[in-house]
Amino acid sequence: MRICVIFNPSARGNKARHFRDYLDNIAGQSALKATAVVGDARRFAAEAIGEGFDVIVGAGGDGTINDAINGIADVPGALGRVRFGILPLGTVNVYARELKIPQGVEAAWATVQRGNERRVDLPHVTFSADGVHGGQKKVHFAQLAGAGMDARAIELLNPALKIKIGPLAYVVAGFKAIGERKPALKVSANGRALSGEWVLVGNGKFYGGPFRIFPDADLADGLLDVCVFPKADFSTLLRCGPAFALRRQLAGRAVRRLQAARFEVTADGPAAFELDGEWMGRLPAVFSMGEERLRVLVP
1 MRICVIFNPS ARGNKARHFR DYLDNIAGQS ALKATAVVGD ARRFAAEAIG EGFDVIVGAG
61 GDGTINDAIN GIADVPGALG RVRFGILPLG TVNVYARELK IPQGVEAAWA TVQRGNERRV
121 DLPHVTFSAD GVHGGQKKVH FAQLAGAGMD ARAIELLNPA LKIKIGPLAY VVAGFKAIGE
181 RKPALKVSAN GRALSGEWVL VGNGKFYGGP FRIFPDADLA DGLLDVCVFP KADFSTLLRC
241 GPAFALRRQL AGRAVRRLQA ARFEVTADGP AAFELDGEWM GRLPAVFSMG EERLRVLVP
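Following my numbering, the numbering of the sequence shown begins with 1 at its first residue and continues without gaps.
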């Protein structure tokens, strides 16, 4: 197999430093493409396929992984013939955790080289680039999405603070977001409508790291799992946080759930949504399960 590794040379943290120390080993067995700006990973993945590579490896966090997967999807027919590997170098690495990919660089690289393949669902979102109908964009996501509070927190995230304190920077941004006015969101699917202030969408079970928020999710069931929180306030966090941390199922009015292959999320005011932990755009948006699957390399 011909492997192309797409990585961010400016990535920080112990994992990124270890990856750079290991680069000589990887470079002897693959081609390397270093990103410089947002969108490079997507462009490089598409370019590498055109150059004849049949394995694309994303080395980075969930955002880099998302970009590279979209690059594969941009090439007609590539999802059926190209395999995707992951070297998890990010702050959270939710998708790698879902797929049980080792967090260490050497073990993750060994997973790529073994070539064990799993075919998983690849959902996408259709939305308007300017927040109104018209000029529709389509973006794939691998693991999760959110609308409302978490997307707003990502908007408010301080990158410099993230470098200093890691995942705790999201907590700081979350406290800022929770104090703002929140528009009402509505999820419409299969003739059913659920309303609330915060919506989370899962392709897999995990969200935000080790939190198993979508216990019934399956990466290969052709469905997306949706959690709708009536309120996005401190009482919701106090009620839900311990349950998520302890992997307990939430019941009652704290959260409402549904499964669907396609649904729309709308808002009564300006509201953002995120994909795989990266701010993406503003509602309304239609979430759909694609027919093609991603061929991902797993242990």
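Yeah, the Cβ is synthetic: ideal placement off N, Cα and C, and Gly gets one too.
Cα-Cα separation, residue i to residue j
i: TRP1; j: PRO215; result: Sequence inspection shows Met at residue 1; the Trp mentioned does not correspond to that position. So the alpha carbons of these two residues sit roughly 35 Å apart.
i: ILE213; j: PHE127; result: 25 Å
i: ALA45; j: SER235; result: 43 Å
i: VAL75; j: TYR207; result: 29 Å
i: ASN116; j: ILE178; result: 42 Å
i: HIS124; j: MET289; result: 6 Å
i: GLU47; j: GLY71; result: 8 Å
i: VAL105; j: GLY191; result: 46 Å
i: LEU156; j: GLU274; result: 13 Å
i: ALA232; j: TRP198; result: 6 Å
i: ARG152; j: ILE49; result: 35 Å
i: VAL82; j: ILE163; result: 33 Å
i: MET280; j: LEU200; result: 14 Å
i: GLU180; j: ARG256; result: 23 Å
i: ALA160; j: HIS18; result: 21 Å
i: ILE3; j: GLY209; result: 28 Å
i: VAL112; j: GLY77; result: 22 Å
i: GLY118; j: VAL228; result: The question names Gly, but residue 118 is Arg in the sequence shown. Taking the straight line from one Cα to the other gives about 30 Å.
i: ARG43; j: ALA73; result: 11 Å
i: LEU168; j: ASP150; result: 14 Å
i: TYR170; j: LEU79; result: 33 Å
i: TRP109; j: GLN29; result: 10 Å
i: GLY135; j: PHE287; result: 17 Å
i: GLY222; j: ILE101; result: 22 Å
i: ARG114; j: THR35; result: 26 Å
i: ALA31; j: ILE154; result: 33 Å
i: LYS138; j: TYR95; result: 20 Å
i: VAL226; j: LYS205; result: 11 Å
Burial state of residue i (16 or more Cβ within 10 Å)
i: LYS33; result: buried
i: GLY196; result: buried
i: HIS140; result: buried
i: PHE175; result: exposed
i: GLU98; result: buried
i: VAL37; result: exposed
i: PRO270; result: exposed
i: ILE6; result: buried
i: GLY52; result: exposed
i: LYS15; result: buried
i: TYR158; result: The sequence as given places Asn at residue 158; Tyr does not occur at that position. Label assigned to ASN158: exposed.
i: ILE65; result: buried
i: ALA217; result: buried
i: ALA129; result: exposed
i: ALA107; result: exposed
Residue i Cβ short of 7 Å to the ligand GDP heavy atom set
i: SER10; result: The ligand GDP is absent from the structure shown, which contains no ligands of any kind.
Cβ pair residue i, residue j closer than 8 Å
i: VAL296; j: PHE84; result: yes
i: ASP121; j: ARG293; result: yes
i: LEU258; j: LEU194; result: yes
i: ALA68; j: ALA27; result: no
i: VAL57; j: LEU87; result: yes
i: ASP24; j: LEU144; result: no
i: ALA260; j: LEU224; result: yes
i: ASN203; j: ALA285; result: no
i: LYS182; j: GLY146; result: no
Any C-beta of chain D under 8 Å from that of residue i
i: CYS227; result: No chain D is present in this structure, which holds just one protein chain.
Q) Three or more beta-carbon pairs under 8 Å between the stretch 86 to 97 and the stretch 59 to 77, yes or no? A) Touching, per the Cβ criterion.
Q.
If we require 3 or more residues per run, which beta strand (DSSP E) segments fall completely within the stretch 38 to 107?
A. Entirely contained in the stretch 38 to 107, the beta strand (DSSP E) runs reaching 3 residues are, in chain order, 55 to 60 and 83 to 88.
Q: Within the stretch 145 to 185, note down every full alpha helix (DSSP H) run reaching 4 residues or more, in order along the chain.
A: List check, alpha helix (DSSP H) in window: 149 to 156, 159 to 165 and 168 to 178.
(Q) Under 8 Å: do the stretch 261 to 279 and the stretch 183 to 195 share three or more Cβ pairs, one atom per stretch? (A) Enough Cβ pairs lie closer than 8 Å, so yes.
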